[in-house]
Every structure is written in structure tokens, then in C-alpha cells.
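Numbering (our numbering), first residue to last: 55 to 344. We treat Cβ as the ideally placed atom computed from N, Cα and C, and that holds for glycine. If you're wondering where the values come from, they're calculated on a predicted model, not measured in any experiment.
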Amino acid sequence: MNTFLPMLARELKAYLRTPLGLVYTVVFLILSNAFVFYLGDIFEIGQATLQPYFKILPWIFLLLVPALSMRSWAEEMRSGTIELLDSLPIPAWQMVLAKFVGLWTVAAVALMLSFPLWLTISWLGQPDQGSIILGYLGSMMLLAAMLSIGLCLSSLSENQLVVYMITSLVILLYLLAGYPLALNPIRDVFPQELVDLIASYSLLEHQQAIIRGVLELRDLLFFAITCFFWLSLNVFILSARKGGRSYFGGLPRGLLVVSAMLFIYLSAVFLVLKVPSIRLDLTEYRLFTL
55 MNTFLPMLAR
65 ELKAYLRTPL
75 GLVYTVVFLI
85 LSNAFVFYLG
95 DIFEIGQATL
105 QPYFKILPWI
115 FLLLVPALSM
125 RSWAEEMRSG
135 TIELLDSLPI
145 PAWQMVLAKF
155 VGLWTVAAVA
165 LMLSFPLWLT
175 ISWLGQPDQG
185 SIILGYLGSM
195 MLLAAMLSIG
205 LCLSSLSENQ
215 LVVYMITSLV
225 ILLYLLAGYP
235 LALNPIRDVF
245 PQELVDLIAS
255 YSLLEHQQAI
265 IRGVLELRDL
275 LFFAITCFFW
285 LSLNVFILSA
295 RKGGRSYFGG
305 LPRGLLVVSA
315 MLFIYLSAVF
325 LVLKVPSIRL
335 DLTEYRLFTL
């Protein structure tokens, strides 16, 4: 890990030297507050809660996270600095991890700067503080999963617009897998067991479960496995591209490795469903505990 901290410092300095981090933060705060007041009706519902805010965050992240992550590797390839990184004795996994932590730090700071909304709700009423804390935690884990997807896909092309579109599409599919309106047509044709299986792969499904105020082991494992899969895939892609040649025997073998990784990921998420229900109910009156 002796090269991880310098790499992380390099990433954080890059966000401080350029307006990207500031622009992301300002746009996020403007959109999140505008959406929650005009679409979430946070005051009209007559309850002291941040549930409307947390429920609308995934769709705001869908717009902004691809924009934040798209330049991560695409800019390195466009500027040619990827060749310099390849020549350094730095393991690919440390480069990937440094970029991921840098991205997550910027996005997390932007999210936490919404705390005035929390203070306002607490001043106006008596919200369930446990559900708010887990709301932020669930949104942080959602950010981690989305950023790992965006970081991985940014290594596929130096064209940032292409990367943005591909990342947005993949994240959208992850969200729609747990969106009721998207699942209804499937529910009309296929058995409920298959619908539940599809929903179990949804980022939205697991984030919504946490923001209720219940932290369940299954949800934690899902986000951890999803981040690990996409970051591992990113390491594989970088290793395959390093030096302009593939260490995996060409495209057919590379596709075989990716297919194997995808199968392991899907199987791991499926096994998570079999994990016994271990939960921490932080709601004020333990609403989800018998």
C-alpha cells in the first residue's frame, strides 16, 4: 500500500486543481434541493422526514455520477498519461482503488453538504434520526456502487461522451430492475420468484430497504459484492491493456474471463438472498422489529 496514498493524493489534488469537483457539488446541491421541494413535496406531506429526499437521490445520481466518473480513465488515455502510469511499478489494483476512493470522497462530501436540510427538518419537527442516519449511509453505499460502475466503464474508451452514455445506461438498468413500473410487465408474464430475483440485483431495491431505517446484512453484502465486481473488472481491463498487449491471450480468452467474473458475481448476489436475516433496526420505535 506504499503507493496507494500518493496515488490517492494525486487524485484528490486533481479535483482541487480543476473545477470538476466544485461544479459537481454545486450542481448536485441545486438539483437535489430543487427536486425534493418541487417533486418530493417534502413540506406538503406534513411529516418531519427526509424520505422524499433519499428516494429521489438515485435519479439525481443517475444524471451526475456518470459525469463525475467518465473522465477517470478516459482523460488518462486521451492525454497519454496512462502510458506513464503503466511504466511505474504500481499495481493496477492500487491505481483503481485510489481513483475509486478519490471519486467517492468528492461525491460523499457533496452529499454531506446537504446537512442544512437535515437541520431544517429537525428544527421544524421531530424526525426519526435513526432512519435519517441510515438514509445517508444507504445513499453513500449507492454512490459507491455507481462510482465503481462508472470508473470501470471509463477505461473502455477515451471518448468521455461515449463513456457517459454507456455508464448512464448500465446504471439505469440497475435502477429499473427494482422499479415497480418496470417490473409490472415482467410480473404479468413470469412467476413472482423470477421477478423477486431480478429485483434483488437492483441498486434501487437495496438502497430503499436501508433508508427505511433498517440496516440488513443482505444489503451490505450486495453493495460490497457489486463494488468488488466492478473494481475487479476494472483491474482486469487495465491489466489487459497495459503495454498495448493482452496478458490473457487475446480477445476470446479475455471474454471468457469476463464471462466467468460475471457468472461469479451473479451467483454471489443470488447466494446473498439465502443469507439469514440479520438486521439492525434504528427506527425510533423499532418499527420493523417484532
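Three-way DSSP call (helix, strand, coil) for residue i in this model
i: V160; result: helix
i: R266; result: coil
i: K328; result: coil
i: Q214; result: helix
i: P239; result: helix
i: M124; result: coil
i: A231; result: coil
i: N87; result: helix
i: Y255; result: coil
Nearest residue (CA-CA) to residue i, options the options
i: L62; options: V163, K328, F154 and G75; result: F154
i: V268; options: L191, P73 and Y228; result: L191
i: M149; options: V323, N288 and L320; result: N288
i: F108; options: V81, S126, K67 and F169; result: F169
i: Y69; options: S126, L251, L197 and L207; result: S126
i: W147; options: L205, A231, A253 and A236; result: L205
i: R28; options: A253, G134 and V323; result: Residue numbering for the chain in the displayed model covers 55 to 344; residue 28 lies beyond these limits and cannot be assessed.
i: V217; options: A263, L167, A128 and L226; result: A128
i: F113; options: Q183, T135, D140 and L85; result: It is worth fixing the name first, because residue 113 is Trp in this sequence and not Phe. The candidate whose alpha carbon is nearest that of W113 is L85.
i: S193; options: A253, R266, P234 and L230; result: R266
Cα-Cα separation between residue i and residue j, rounded to whole angstroms
i: F58; j: P143; result: 12 Å
i: Y301; j: W284; result: Residue placement at Y301 is flagged as unreliable, the pLDDT there being 43, under the threshold of 50; the coordinate-derived value follows with that caveat. Each residue's Cα considered, the two are about 19 Å apart.
i: F91; j: L201; result: 26 Å
i: M195; j: W158; result: 10 Å
i: Q246; j: S209; result: 37 Å
i: I175; j: Q261; result: 21 Å
i: L76; j: V329; result: 41 Å
i: S222; j: T337; result: 33 Å
i: L316; j: Y255; result: 13 Å
i: S293; j: G156; result: 21 Å
i: S370; j: Q214; result: Shown here, the chain extends from 55 to 344; a query on residue 370 therefore has no answer.
i: E212; j: S286; result: 20 Å
i: A253; j: R307; result: 31 Å
i: I332; j: R295; result: 42 Å
Own chain residues within Cβ distance below 6 Å of residue i, not counting five before or after
i: V224; result: I203
i: T103; result: P181
i: K67; result: none
i: F115; result: M200
i: R299; result: In this predicted model, R299 has a pLDDT of only 48, less than 50, meaning its place in the structure is not dependable; the value taken from the coordinates is given anyway. The answer is none, since no qualifying residue turns up.
Beta carbon proximity, residue i to chain B, threshold 8 Å
i: V216; result: Of the protein chains in the structure, only one exists, and it is not chain B.
Enclosing beta strand (DSSP E) for residue i [first to last residue]
i: L334; result: R333 to D335
Cut-off 8 Å between Cβ atoms - residues of its own chain near residue i, not counting five sequence neighbours on either side
i: Y78; result: L118, A121, L122, V160, A161 and A164
Any non-hydrogen atom of the ligand COA closer than 7 Å to residue i Cβ
i: D242; result: Questions concerning the ligand COA fall outside what the structure shown contains, since it holds no ligand whatsoever.
Host alpha helix (DSSP H) of residue i (start-end)
i: D140; result: T135 to S141
i: K67; result: F58 to R71
i: P170; result: F169 to L178
i: Q36; result: Outside the shown range of the chain (55 to 344) lies residue 36, about which nothing can therefore be said.
i: F244; result: First-last for F244: undefined, no H or E at that position.
i: L104; result: Careful: L104 lies outside any alpha helix (DSSP H) and carries neither H nor E.
i: I144; result: Where I144 is concerned, there is no enclosing alpha helix (DSSP H), given that its DSSP letter is neither H nor E.
i: S286; result: L271 to R295
Same chain, Cβ closer than 7 Å to residue i, five either side skipped, listed in chain order
i: L172; result: In the sequence on display, residue 172 carries Trp and not Leu. L104 and I186.
i: Y233; result: L258
i: A152; result: F58, M61, L62 and E65
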